[in-house]
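Mind the numbering: the sequence shown is residues 1 to 238 in this note's numbering, read in order.
Just so you know, even glycine gets a beta-carbon here, dropped at the ideal spot from N, CA and C.
Heads up, the thing below is written out as structure tokens.
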Amino acid sequence: MPSVSQVTADPALESRLFWDRYKTSIIAVGAIIVLAGLGYIGYLLYTARSAAKATALLASAQTAQDYQQVIDRYPASEPAASAYLLLAAEQRAERKYTEANVTLHKFVDQFPKHPLITTAWMGMAANLESLGKTDEALSTYQRLAAEYPQSFNAPLALLAEVPILKAKNQFEQARKICETVMSQYRDNVVASLAVQELMALPKPEAPPAPAQAQEPIPMERPAETAAPSPAASASPLK
């Protein structure tokens with residue numbers, strides 16, 4: 001008579017026993033996996049369909065209201081990101097600089113990792129300049145260049161600082177900015193613009209020459225007076 005160990009060592013029998021014991025759980029897990037797969041496929045199809053509709057809607061957009069419609073209907077889509085930038089450009093063209101910056105800030109908040117994030121910051125700085133807020137514009141350009149030094153907008157942001165610094169008569173700082181662009185972005189076309197800006201700056205004033213030490217003028221010796229004679233100095237006897 002086979003022992004218990006011999007019976008349970010049969011792989012077919014073990015599989016049958018395992019199935020009988022856990023078939024309900026296995027079926028349930030399998031159903032969940034199938035449903036999850038179907039749900040994911042459905043999500044992909046929905047996303048693709050939404051992206052296609054958003055792209056078509058953006059392609060037909062021509063006005064600020066059209067761009068806003070893309071944003072409202074498909075807020076997290078790539079076409080919505082483009083719609084934000086196009087809407088801001090439309091608002092700037094209408095000289096609605098404050099509204100344009102509100103739009104660009106929404107773009108930055110919604111798409112912080114977007115490849116055109118520095119374009120949004122450049123737009124905000126330019127709008128601040130147009131509003132006469134040159135200090136805020138300068139700070140924005142500086143922040144962009146510092147936080148995104150490898151972006152294609154970094155040298156443009158540096159160069160945009162130069163006119164502001166010139167208006168403040170900060171010519172030495174403007175000179176340093178031009179030299180930074182020329183050294184760090186020498187292979188960029190912006191480097192040639194930096195050379196032109198540098199040549200247009202006033203020449204730095206030469207430091208005053210040190211005053212030559214003058215030799216002391218010798219003092220004239222006082223003329224010697226003759227000593228009075230004893231006879232003249234003696235008083236007459238009385």
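Glu-147 versus Asn-101: straight-line alpha-carbon distance, rounded: Residue mapping note: residue 147 aligns to position 147 of the sequence shown, counting from 1. Residue mapping note: residue 101 aligns to position 101 of the sequence shown, counting from 1. Between Glu-147 and Asn-101, the C-alpha separation is close to 19 Å.
Short Cβ contact (8 Å threshold) for Leu-158 with Ala-145: Along the sequence shown, read from residue 1 onward, the residue named residue 158 stands at position 158. Along the sequence shown, read from residue 1 onward, the residue named residue 145 stands at position 145. Yes, the Cβ-Cβ distance between Leu-158 and Ala-145 is below 8 Å.
Limits of the alpha helix (DSSP H) - the one that Asp-138 falls within: Within the sequence shown, residue 138 is the residue found at index 138, counting from 1. The residue asked about is misnamed: residue 138 is Leu in this sequence, not Asp. That run of the alpha helix (DSSP H) goes 134-147.
Per-residue DSSP class, three states only, for Lys-106: Locating residue 106 in the sequence shown gives position 106, counting from the first residue. Shown here, Lys-106 sits in a helix according to DSSP, grouped into three states.
Backbone secondary structure at Ser-151 - three-state DSSP: Translated into positions along the sequence shown, residue 151 becomes position 151. Coil.
Helix, strand or coil at Asn-188 [DSSP, three-state]: The residue you call residue 188 lines up with position 188 of the sequence shown. It is coil, neither helix nor strand.
Glu-129 - containing alpha helix (DSSP H), residue span: Residue numbering aside, residue 129 sits at position 129 when the sequence shown is read from its first letter. Its alpha helix (DSSP H) spans residues 117-130.
CB contact flag (His-114, Ala-88, <8 Å): What you label residue 114 is simply residue 114 of the sequence shown in a count that begins at 1. What you label residue 88 is simply residue 88 of the sequence shown in a count that begins at 1. Cβ atoms of His-114 and Ala-88: not closer than 8 Å.
Glu-94 (DSSP reduced to helix, strand or coil): Within the sequence shown, the letter at position 94 stands for residue 94. Collapsing the DSSP output to three states places Glu-94 in coil.
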